[in-house]
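Inspection log for the structure reproduced underneath, given as structure tokens.
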Amino acid sequence: MSATTPDDIRNNWQRDEVLALFNQPFNDLLFTAQTVHRRHFDANKVQLSTLMSIKTGACPEDCKYCPQSARYDTGLEKEKLVDVERVIAEARAAKASGASRFCMGAAWRSPHQRDMPAVAAMVREVKALGLETCMTLGMLDDQQAQQLAEAGLDYYNHNLDTSPEFYGEIITTRTYQDRLETLDNVRKAGMKVCAGGIIGMGEGQRDRAGLLMALANLPEHPDSVPINMLVKVAGTPLQDEAELDPFEFIRTIAVARIMMPKAHVRLSAGREEMNDQMQALAFLAGANSIFYCEKLLTTANPNANRDMALFARLGIERESVATAHDNSDQQRALERQIAAADSSAAFYPA
Ligand code: SF4
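According to full-length UniProt numbering, the residues represented by the sequence shown are 1 to 350, in order.
In structure tokens, the structure reads:
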């Protein structure tokens, strides 16, 4: 079947064939995904990113899943753009804990021009530590994308969230086309694209297929594809959304891996609610990147020791950044963490 030919990098996926992948027997799907994965990656390496919120809450957009929207009362503590020194301190700590990429997120519709110098300084300083840099600041015009690229930003994250058909159920304050234009501006400026979506928002399997088609049928596949499981935050319109079958989430990861063979597929938000077995299945399905920190912008994430304990049990090693300088300190820090890890460690409170 052409859809499962491992080396086939394609940008012309059709819905029927994507749905056929989704509906394969689970074992067949995972076998295909793992086969594709091994053609392009070391199956026992996972990339670690750390995420810091550099500006929290009071966002004018209406994304129904998001506790940072000013439209929903989620009790979130707002914070203005943090200063560069704080970012540097957190990036240093992330590097010492073994992260190879430092992502900075701001709850903006799009960045104000007045904030661009500070944001550019963050990129330069974090990069000087030997970390890859990523930002998510909302929509970017071509000039802003250029400014960030000139500052040395490696990745820009801007998710498509869901399928074009379901999108209007989730967000009304920006269009799908706006999102595609931002991704285009990022790519044209020479940065790598990080784009994915959220699963479990009430969409159907056709929409999950549609999201992956929208990503895989871009002129170039995104370099990173975060697949988030909805975190149902009290106060948001999706707080009572029905649970998605966890195997459907794993299927989505596997289909993403098959459709975008060279992308890092990131197991992102919602990991705190997954047990170790489900995370192991996600790695088997082709996920090879995680957020590795106590918080994902505003929601809890498994603590680092638990992650390291799981990696040790699965024989997984972290993927080192190609541009990193001397990583021996990081490696030693990781080894200390693994040795001290308590595999029964509980989740951080939300
Ligand atoms: S997802 Fe981003 S754009 Fe949407 S409300 Fe949250 S912070 Fe704003």
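Glycine residues also receive a C-beta, built at the ideal position from the N, C-alpha and C atoms. These figures come from a predicted structure and were not determined experimentally.
Alpha-carbon spacing of residue i relative to residue j, whole angstroms
{"i": "His158", "j": "Cys59", "result": "15 Å"}
{"i": "Lys188", "j": "Phe102", "result": "22 Å"}
{"i": "Thr252", "j": "Phe22", "result": "7 Å"}
{"i": "Gln14", "j": "Ile250", "result": "21 Å"}
{"i": "Glu150", "j": "Ala269", "result": "30 Å"}
{"i": "Leu180", "j": "Ile227", "result": "18 Å"}
{"i": "Ala33", "j": "Ser289", "result": "15 Å"}
{"i": "Ala333", "j": "Asp207", "result": "The predicted model places Ala333 with a pLDDT of 39, which falls under 50 and marks its position as unreliable; any figure quoted below should be read in that light. Approximately 42 Å, taken between the alpha carbons."}
{"i": "Ala209", "j": "Asp8", "result": "18 Å"}
{"i": "Ala43", "j": "His37", "result": "7 Å"}
{"i": "Glu248", "j": "Gly204", "result": "10 Å"}
{"i": "Tyr167", "j": "Gln277", "result": "31 Å"}
{"i": "Asp142", "j": "Val186", "result": "8 Å"}
{"i": "Val87", "j": "Ala107", "result": "16 Å"}
{"i": "Glu317", "j": "Val265", "result": "16 Å"}
{"i": "Ala341", "j": "Ser97", "result": "Note on Ala341: pLDDT 33, under 50, position unreliable in the model; the coordinate value appears next. Using only the alpha carbons, I get a separation of about 13 Å."}
{"i": "Ile84", "j": "Ser49", "result": "A quick correction: the sequence has Val, not Ile, at residue 84. Near 19 Å, if we compare the C-alpha coordinates of Ser49 and Val84."}
{"i": "Asp326", "j": "Asp223", "result": "Here the model assigns Asp326 a pLDDT of 37, short of 50, so the residue's position is not dependable and the matter cannot be decided."}
{"i": "Leu19", "j": "His40", "result": "24 Å"}
Host beta strand (DSSP E) of residue i (start-end)
{"i": "Gln47", "result": "Lys45 to Lys55"}
{"i": "Pro111", "result": "That residue, Pro111, is in no beta strand (DSSP E); it is neither H nor E in DSSP."}
{"i": "Glu317", "result": "Glu317 to Glu319"}
{"i": "Asn27", "result": "Element bounds for Asn27: not the beta strand (DSSP E) but the alpha helix (DSSP H), Phe26 to His40."}
{"i": "Ile198", "result": "Gly197 to Ile199"}
{"i": "Ala106", "result": "Arg101 to Ala106"}
{"i": "Ala132", "result": "Inspection of the sequence shows that residue 132 is occupied by Glu rather than by Ala. Run containing Glu132: Glu132 to Thr136, per the beta strand (DSSP E) assignment."}
{"i": "Leu153", "result": "Unbroken run through Leu153: none, as it is neither H nor E."}
{"i": "Ile170", "result": "Where Ile170 is concerned, there is no enclosing beta strand (DSSP E), given that its DSSP letter is neither H nor E."}
{"i": "Pro226", "result": "Ser224 to Met229"}
Close-in-space but distant-in-sequence residues of the same chain around residue i (CB under 7 Å, 5 per side omitted)
{"i": "Thr74", "result": "Pro67, Val233, Ala234, Gly235 and Thr236"}
{"i": "Met201", "result": "Tyr65, Thr162, Ile170, Leu230, Leu238 and Glu241"}
{"i": "Ala280", "result": "Leu314"}
{"i": "Met139", "result": "Arg109, Ser110, Arg174, Asp178 and Thr182"}
{"i": "Leu29", "result": "Leu21, Arg251 and Ala254"}
{"i": "Leu153", "result": "Val123, Thr133, Met135 and Met191"}
Other residues of its chain near residue i: CB distance less than 6 Å, five sequence neighbours each side excluded
{"i": "Arg71", "result": "Asp62"}
{"i": "Ala216", "result": "Trp13, Met259 and Met260"}
{"i": "Met116", "result": "Gln147"}
{"i": "Met1", "result": "With a pLDDT of only 42 at Met1, under the threshold of 50, the placement of this residue in the model should not be trusted, and no figure is reported."}
{"i": "Lys45", "result": "Glu317 and Glu319"}
{"i": "Tyr176", "result": "Pro164 and Tyr167"}
{"i": "His221", "result": "Met260 and Ala263"}
Whole-number beta carbon distance between residue j and residue i, since they are thought to touch under 8 Å
{"i": "residue 353", "j": "Ala254", "result": "Any question about residue 353 goes unanswered here, given that the chain covers just 1 to 350."}
{"i": "Ser100", "j": "Glu132", "result": "6 Å"}
{"i": "Ala118", "j": "Leu81", "result": "6 Å"}
{"i": "Ala93", "j": "Leu129", "result": "That pair is no contact at about 11 Å."}
Unbroken alpha helix (DSSP H) run spanning residue i, endpoints
{"i": "Met213", "result": "Gln205 to Ala216"}
{"i": "Glu17", "result": "Arg15 to Phe22"}
{"i": "Glu85", "result": "Val84 to Ala96"}
{"i": "Val186", "result": "Tyr176 to Lys188"}
{"i": "Pro246", "result": "Pro246 to Met259"}
{"i": "Met278", "result": "Asp276 to Leu284"}
Cutoff 8 Å; reference residue i; Cβ partners in own chain excluding five residues on either side
{"i": "Arg10", "result": "Ala216 and Met259"}
{"i": "Glu165", "result": "Arg206, Asp207 and Gly210"}
Chain C within 8 Å of residue i, Cβ atoms only
{"i": "Ala214", "result": "The question asks about chain C, but that chain is absent: this structure has only one protein chain."}
**Report entry** By C-beta, the residues closer than 5 Å to any heavy atom of ligand 2, given in chain order
**Finding:** For the structure depicted, ligand 2 is absent and the ligand set comprises only ligand 1.
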